[in-house]
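Participant: I'd like to ask some things about the structure below.
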Amino acid sequence: MEDQQIIELFWSRDEAAILMARQKYGDFCRALSQRLLGSTRDAEECVSDMLLRLWSSIPPQRPKSLRAYMAKITRNLCVDRWRSGANGLELKELTAELEDALPGLPSAESEFDARAVGEVLDGWLRGLSVEDRTLFVRRYYYGETVRSIAEGRGVPEGRLAQKLMRLRASLRRALEKEGISI
Amino acid sequence: MNERSLRLLTSIGEIGPDLAEEAAGEMGQKSKKKRGRRALFATLGSVAAAAVLIVAGFYLIPTGHSGGFGVDSQDGPGSYVFYEGPILPLTLREEDGSISAQRTVTLDFSGWDEDRAEMRVLDSYVLTNTSGEDRTVDVLYPFIERFYDVAGKRPKLWLGGQELETSLIAGYYAGGYEGAWEGTIGGDENEGSVNMNYPDSWEDYRDLLADGGYFDAAVSPYPDFTGVTAYVYDLYDPWYTLAEGQEATSPVLRLGFDLDFSKTRLLHTGGFSGWTVDQKAGYMEYLYHIPRATAAAYQDDGRRTLIAVGEDPGEPKLQGFTSTQDSAQPMEAGATVTRREVDLEAYLRALAQEAYAGYDGLEGRPDFETVFGQFKLWLITDGPLAPEPRERYVDGELRFSEAASLDRVMWLEAKITVPANGSVTLTAELTKEGSSNPYASRHSIAGASEYELATRVGSCLTFTGQSATLEDAGKVELVRQNFGFDPEKGQKTVDLTEEIYFLAVRKAE
Chain A
4 MEDQQIIELF WSRDEAAILM ARQKYGDFCR ALSQRLLGST RDAEECVSDM LLRLWSSIPP
64 QRPKSLRAYM AKITRNLCVD RWRSGANGLE LKELTAELED ALPGLPSAES EFDARAVGEV
124 LDGWLRGLSV EDRTLFVRRY YYGETVRSIA EGRGVPEGRL AQKLMRLRAS LRRALEKEGI
184 SI
Chain B
2 MNERSLRLLT SIGEIGPDLA EEAAGEMGQK SKKKRGRRAL FATLGSVAAA AVLIVAGFYL
62 IPTGHSGGFG VDSQDGPGSY VFYEGPILPL TLREEDGSIS AQRTVTLDFS GWDEDRAEMR
122 VLDSYVLTNT SGEDRTVDVL YPFIERFYDV AGKRPKLWLG GQELETSLIA GYYAGGYEGA
182 WEGTIGGDEN EGSVNMNYPD SWEDYRDLLA DGGYFDAAVS PYPDFTGVTA YVYDLYDPWY
242 TLAEGQEATS PVLRLGFDLD FSKTRLLHTG GFSGWTVDQK AGYMEYLYHI PRATAAAYQD
302 DGRRTLIAVG EDPGEPKLQG FTSTQDSAQP MEAGATVTRR EVDLEAYLRA LAQEAYAGYD
362 GLEGRPDFET VFGQFKLWLI TDGPLAPEPR ERYVDGELRF SEAASLDRVM WLEAKITVPA
422 NGSVTLTAEL TKEGSSNPYA SRHSIAGASE YELATRVGSC LTFTGQSATL EDAGKVELVR
482 QNFGFDPEKG QKTVDLTEEI YFLAVRKAE
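So the protein sequences, as listed, match chains A and B. Sequential numbering from 4 applies to the first sequence in this note's numbering. Sequential numbering from 2 applies to the second sequence in this note's numbering.
This is the structure:
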């Protein structure tokens, strides 16, 4: 079934929408959750929670990409779950790596503007080559390991690790260029 | 866990669904090299949305960028956000009037693609000795790079058909610093040094290398902190207790020191989520977020480390608050704090070795002593131990990764002998990434890659002639240039007489 048809099922409050969404992208979201949290049980619970959120957010939402929307909800749930006590070795690794991308430490009075950060991130990503952009998103959005990406692309892992280091430095520059505090 | 990193990670979750979908589409594809088209800025609208911030009625866009698509006819190098610097000419450590050079540069795009935008360069010199005696000279081949990128980007030098063994000499950071809003329209009043101001034109490198002082500094001994005592404070096992009815939305410990800033500086190894300093009152404070559930919840041992250099600042003051907001209430909180005295050199060396080990182990990376030496130089030049630290570094974080990611000029040095009344051919082989720009501007084209070639900058050699040859292999379209190449008419080799040449290309249709 096409994504838009599934979304129409949600809009018509047909519970088959949940089944179809789960059938189509449940494994994708479970794998994402498993990667980020490292726990099968937590991953299953995240997917269940995600489907509930999906049901309660469509309508009013009408996502253009159902997979991306489901992945975003799953990811947010994983981060919330990690913050409240779940394991999250990969999330720990990701946050450690992203320290390279942080602009200068703000004063205590500086305010974090998530929307401004999101806008700069979006613009920065769109300025990258497709190869670099998908590398960054696969690593820091989907939590895919460098090794897995390298195997998929058929390139040495070390080269991608170097490239990611460079991308983090580039992101930091972009954030600083826009005067962003985090 | 670093709260700020988590914020950034969370923000990454807010990227456009098309970007998330694009990457998801690539996942699961096995051993298939993805060669997508560069976005070519069809999405310029959203890029501009990211670049344009509206503050107090000002449209803040990077100066020099018109936001339009056109490129004016000005025949000068472009203005780029991601600037890679020019290809620089060979030089000698000591000027030698009996050595002259004929230079031939090949700009090879046969392996070029949009994603990598790397041009292969063969920079060849016929070095002629006009004296009646053999001359042994130290040749220096300069290149602009960051430590992070040296592995894989380090040029190779060939003498005849033999690859030369070279040693690497690293210059200090080639740029400066600026305020958060400098370089933006309406932002000139906010001067400062909180952000990096990287070199963004060839003139920056020309000026840097003009008098030889930059190179002299590069071959000077690095600072040595042996014998300097530092006081290391390790903080761990944070705790807090809430009074009845009290809620901690973001529990935080404030760690304060009474300091005479002229006598004591504080450093830290990261993990703090903010800081305040009051130089007049002689007080510095760090914010230390306490995990809300347990330390394990954050996969974080909760350990933070502060290092005091100079006069002993004594014990820190610890105060707990329910959050960092103005409405925060004091609460009962604390942490275990241990204190020890260390030798600053040995302590920093151990930290740096740990960070260096985290580097990818590719061949060609700078040796540890060079990276560590430049890190120490950064500490006392611009960093938290400088006489006047840049605003960016006032918090005292030991940013090893910062020192590794700064643009700098480096040289490969080799000793060669040029026979009496004879010549040798020395060739540098390198890849050069193009400068690029996410914004269309008057002086650059979004999506194009621009390469610059300097003919004399920083060189003490006497050149008898220079020429450049283009090997475009039909891969690239020349967008703008001042070389004078005209591939359609077969004009692929030109003599070089100007100080700087530029060539912007994009994928040939």
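Beta carbons: idealized from backbone N, C-alpha and C, even for Gly. Small disclaimer: the values here were computed from a predicted structure and weren't measured.
Counting only beta-carbon separations shorter than 8 Å, does A:Met4 have a partner in chain D?
Facilitator: Looking at the structure shown, chain D is missing, and the protein chains on hand are A and B.
Participant: Run through DSSP, which three-state label would B:Ala387 get?
Facilitator: Taking the second sequence and counting its residues from 1, one reaches residue 387 of chain B at position 386. Here B:Ala387 sits in coil by DSSP.
Participant: Is A:Arg56 close to chain B? Criterion is C-beta to C-beta, closer than 8 Å.
Facilitator: Sequence index remark: in the first sequence, residue 56 of chain A carries index 53 (1-based). Output row for A:Arg56: interface = no.
Participant: Nearest-angstrom Cα distance between B:Ser406 and B:Cys461?
Facilitator: Position 405 of the second sequence, counting from 1, holds the residue named residue 406 of chain B. Position 460 of the second sequence, counting from 1, holds the residue named residue 461 of chain B. If I take the Cα positions, the gap works out to 29 Å.
Participant: Could you tell me the boundaries of the alpha helix (DSSP H) in which B:Gln375 lies?
Facilitator: On the second sequence, residue 375 of chain B is found 374 positions in, with the first residue counted as 1. That run of the alpha helix (DSSP H) goes Phe369 to Thr382.
Participant: If you check the beta carbons only, do A:Ala46 and B:Ala25 fall under 8 Å apart?
Facilitator: The residue labelled residue 46 of chain A in the question sits at position 43 within the first sequence. The residue labelled residue 25 of chain B in the question sits at position 24 within the second sequence. Against a cut-off of 8 Å, the Cβ pair of B:Ala25 and A:Ala46 comes out as no contact.
Participant: Taking DSSP as the reference, what is the three-state secondary structure of B:Phe216?
Facilitator: Walking along the second sequence from the start, residue 216 of chain B turns up at place 215. Reduced to three states, the DSSP call for B:Phe216 is helix.
Participant: Would the beta-carbon of B:Lys493 fall within 8 Å of that of B:Trp113?
Facilitator: Here residue 493 of chain B corresponds to residue number 492 of the second sequence, with the count starting at 1. Here residue 113 of chain B corresponds to residue number 112 of the second sequence, with the count starting at 1. Against a cut-off of 8 Å, the Cβ pair of B:Trp113 and B:Lys493 comes out as no contact.
Participant: Tell whether a beta-carbon distance below 8 Å holds between B:Ala353 and B:Ala231.
Facilitator: Within the second sequence, numbered from 1, the residue matching residue 353 of chain B stands at position 352. Within the second sequence, numbered from 1, the residue matching residue 231 of chain B stands at position 230. No, Cβ-Cβ distance for B:Ala353 and B:Ala231 is not below 8 Å.
Participant: Where do the N-terminal and C-terminal ends of the beta strand (DSSP E) with B:Ser468 fall, by residue?
Facilitator: Taking the second sequence and counting its residues from 1, the one referred to as residue 468 of chain B is at position 467. Where B:Ser468 is concerned, the enclosing beta strand (DSSP E) stretches over Thr463 to Glu472.
Participant: Are there 16 or more other CB atoms within 10 angstroms of the CB of A:Arg44, so buried, or fewer, so exposed?
Facilitator: Within the first sequence, the letter at position 41 stands for residue 44 of chain A. That one is exposed.
Participant: Please name the residue or residues paired with A:Ser184 in a DSSP beta bridge.
Facilitator: Reading the first sequence from its first residue, position 181 is the one you call residue 184 of chain A. In DSSP, A:Ser184 forms no bridge with anything.
Participant: Would you identify the three-state DSSP class for B:Trp113, choosing helix, strand or coil?
Facilitator: Counting from 1 along the second sequence, the entry for residue 113 of chain B is found at position 112. It is coil, neither helix nor strand.
Participant: Check each residue of the stretch 7-27 of chain A: if its Cβ is closer than 7 Å to any Cβ of chain B, include it; give the result in chain order.
Facilitator: Here the close residues number zero.
Participant: Please look up how many angstroms separate the CB atoms of B:Arg307 and B:Tyr234, rounded, as I've assumed it's under 8 Å.
Facilitator: For the purposes of this step, residue 307 of chain B is taken as the residue at position 306 of the second sequence. For the purposes of this step, residue 234 of chain B is taken as the residue at position 233 of the second sequence. Rather than Arg, the amino acid found at residue 307 of chain B in this sequence is Leu. That belief holds up - the Cβ atoms of B:Leu307 and B:Tyr234 are roughly 4 Å apart, short of 8 Å.
Participant: Can you list the residues of chain B that A:Leu105 reaches, using a CB-CB cut of under 7 Å?
Facilitator: Along the first sequence, one-based indexing puts residue 105 of chain A at 102. Those within 7 Å of A:Leu105 in chain B are Arg5, Ser6 and Leu9.
Participant: What residue from B:Phe369, B:Leu128 and B:Leu260 has the CA that sits closest to B:Glu312's CA?
Facilitator: On the second sequence, position 311 is the one that residue 312 of chain B refers to. Ranking the options by Cα distance to B:Glu312, first place goes to B:Leu260.
Participant: Interface residues of chain A around B:Met28 at Cβ under 8 Å?
Facilitator: For this step, residue 28 of chain B is matched to residue 27 along the second sequence. Arg141, Tyr145, Glu147 and Gly155, listed in chain order.
Participant: Given a threshold of 16 other Cβ atoms within 10 Å of its Cβ, counted over all protein chains shown, does B:Lys377 qualify as buried or as exposed?
Facilitator: The count along the second sequence starts at 1 and reaches residue 377 of chain B at position 376. So B:Lys377 counts as buried.
Participant: Select from the stretch 149-163 of chain B all residues with a C-beta closer than 9 Å to any C-beta belonging to chain A, and list them in chain order.
Facilitator: From the stretch 149-163 of chain B, only Tyr149, Asp150, Ala152 and Gly153 have a Cβ closer than 9 Å to chain A.
Participant: For chain B, check one thing: does any of its Cβ atoms lie closer than 8 Å to the Cβ of A:Gln37?
Facilitator: Locating residue 37 of chain A in the first sequence gives position 34, counting from the first residue. Closer than 8 Å: no.
Participant: Below 9 Å on C-beta distance, what does B:Ser402 contact in chain A?
Facilitator: The residue you call residue 402 of chain B lines up with position 401 of the second sequence. In chain order: Glu102, Asp103, Met168, Arg171 and Ala172.
Participant: Using a Cβ-Cβ cut-off of 7 Å (strictly less than) and excluding sequence neighbours within five positions of B:Gly58, which residues of its own chain qualify?
Facilitator: On the second sequence, position 57 is the one that residue 58 of chain B refers to. Unreliable positioning characterises B:Gly58 in this predicted model, as indicated by a pLDDT of 25, which lies under 50. A coordinate reading is not provided.
Participant: Determine the DSSP secondary structure at B:Ser402, reduced to helix, strand or coil.
Facilitator: As a working note, residue 402 of chain B is residue 401 in the second sequence. Three-state DSSP puts B:Ser402 in a helix.
Participant: What would DSSP say about B:Ile13, mapped onto helix, strand or coil?
Facilitator: Residue mapping note: residue 13 of chain B aligns to position 12 of the second sequence, counting from 1. Three-state result, B:Ile13: helix.
Participant: Excluding five sequence neighbours on each side, which residues of the same chain lie with their C-beta closer than 8 Å to the C-beta of A:Arg156?
Facilitator: Translated into positions along the first sequence, residue 156 of chain A becomes position 153. Leu163.
Participant: With contact counted as at least three CB pairs below 8 Å, one residue from each stretch, are the stretch 424-435 of chain B and the stretch 366-381 of chain B in contact?
Facilitator: Short answer: they don't touch.
Participant: Less than 8 Å separating the beta-carbons of A:Ser36 and A:Thr77?
Facilitator: As a working mapping, residue 36 of chain A is identified with position 33 in the first sequence. As a working mapping, residue 77 of chain A is identified with position 74 in the first sequence. Yes.
Participant: What span of residues does the beta strand (DSSP E) with A:Asp52 cover, start to end?
Facilitator: As a position in the first sequence, residue 52 of chain A is number 49, starting the count at 1. Element bounds for A:Asp52: not the beta strand (DSSP E) but the alpha helix (DSSP H), Thr43 to Ser60.
Participant: Given 8 Å as the limit, is there contact between the stretch 267-283 of chain B and the stretch 191-201 of chain B, that is, 3 or more CB pairs closer than that?
Facilitator: Result no; under three Cβ-Cβ pairs closer than 8 Å.
Participant: Looking only at DSSP bridge pairs, what is A:Ser36 linked to?
Facilitator: Counted from its first residue, the first sequence places residue 36 of chain A at position 33. DSSP, once it has assigned bridges, lists no residue as partnering A:Ser36.
Participant: When the cut-off is 8 Å and only beta carbons count, does B:Gly58 lie next to chain A?
Facilitator: For this step, residue 58 of chain B is matched to residue 57 along the second sequence. Reliability fails at B:Gly58, whose pLDDT of 25 lies under 50, so the model's placement of it is uncertain and the value that follows must be treated cautiously. Judged by the 8 Å Cβ criterion, B:Gly58 is not in contact with chain A.
Participant: Could you check the C-alpha separation between B:Ala329 and B:Ala336 for me, to the nearest Å?
Facilitator: Here the question's residue 329 of chain B lines up with position 328 in the second sequence. Here the question's residue 336 of chain B lines up with position 335 in the second sequence. C-alpha separation (whole angstroms): 19 Å.
Participant: Could you say if the stretch 146-166 of chain B and the stretch 480-500 of chain B meet the contact criterion of at least three C-beta pairs nearer than 8 Å?
Facilitator: Too few Cβ pairs lie closer than 8 Å, so no.
Participant: Under 8 Å between C-beta atoms, does A:Gly41 make it to chain B?
Facilitator: The sequence position of residue 41 of chain A within the first sequence is 38, counting from 1. No, A:Gly41 does not count as interfacial toward chain B.
Participant: From the DSSP output, in three-state form, read off B:Leu307 for me.
Facilitator: For the purposes of this step, residue 307 of chain B is taken as the residue at position 306 of the second sequence. Strand, per DSSP.
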